[in-house]
Structure formats: structure tokens, C-alpha cells
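Our numbering puts the first residue of the sequence shown at -9, with every later residue one more than the last. Here a beta-carbon is modelled for each residue, glycine too, at the ideal position from N, C-alpha and C. Only a predicted model underlies this, so the values are computations on that prediction, with no experimental measurement involved. First up is the structure itself, then whatever we jot down about it.
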Amino acid sequence: MNIIAILRICYPHLLIPSVSALEKTDSGGQSRGLDAGANVLTVNFTGEADRDRYLIYGNKRFVVGLEHARKLADNAGLTMGRSIFIGDGDERMRWE
-9 MNIIAILRIC YPHLLIPSVS ALEKTDSGGQ SRGLDAGANV LTVNFTGEAD
41 RDRYLIYGNK RFVVGLEHAR KLADNAGLTM GRSIFIGDGD ERMRWE
């Protein structure tokens, strides 16, 4: 969490993910990542019927669904935005 906070202070426009591994290692970990300065959540939109065919890290991975992401954003007082890969996403990724 300290690294997330330092990155946020040094690079206020940087996209910093609160990754699912934070939630897997400790319940509420992704929320603490957002509190520390993360501003990106990744969401798995793969349908239930196909998820087993597209496992990246096996069955032990915590999969972030849309409802979990919405709950995290609401609890952190954040609003859901658009994909970083649409529109001006590249503009927000530059280092200053």
C-alpha cells in the first residue's frame, strides 16, 4: 500500500490498479488499495459458461465481477468511468 501511495503522490495522473490479488490475500484488500491511491479496477466480463475456458491463474484467483467493482467504487466514494482503452485513455497514461 505504501508504494501505491507514493506513486499517487509522485504521479497524480498515473493509472494505478488495485489488483484482485490484494483481495485474494486479505478480505478488503482492494478497498485498501483504492484508499491508498489506486484508481483502476479490472473486471472480468467473461460469461459464466465460458469462464473455465479462460482461466489465467487457475481456480485460486479472485475474480472481480461487475457487482464487486461497483461495491468497491461506492464504498470508496468513487464513480465508475469508462475503459482506459477507449477515448482519451492513452492521454491519461502519460508520465509528467
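Just tell me which of the options has its CA closest to the CA of residue i.
i     : options                        : result
GLY71 : GLN20, VAL30, ARG43            : VAL30
SER10 : ILE(-6), PRO2, GLN20           : GLN20
PHE52 : ASP64, ASP40, ALA39, ASN34     : ASN34
ALA59 : LEU(-3), GLY18, MET(-9), ARG43 : GLY18
LYS14 : VAL54, ALA63, TYR44            : VAL54
On the premise that residue j lies in contact with residue i, defined as a C-beta separation below 8 Å, what is that separation, rounded to the nearest angstrom?
i     : j     : result
GLY93 : LEU5  : The structure shown does not extend to residue 93, since the chain spans only -9 to 86, so no value can be given for it.
ALA28 : PRO7  : 6 Å
THR36 : TYR44 : 5 Å
Hey, could you find the ends of the alpha helix (DSSP H) residue i is sitting in?
i       : result
GLU57   : 56 to 65
ILE(-1) : -8 to 0
SER21   : 19 to 26
GLU13   : 10 to 15
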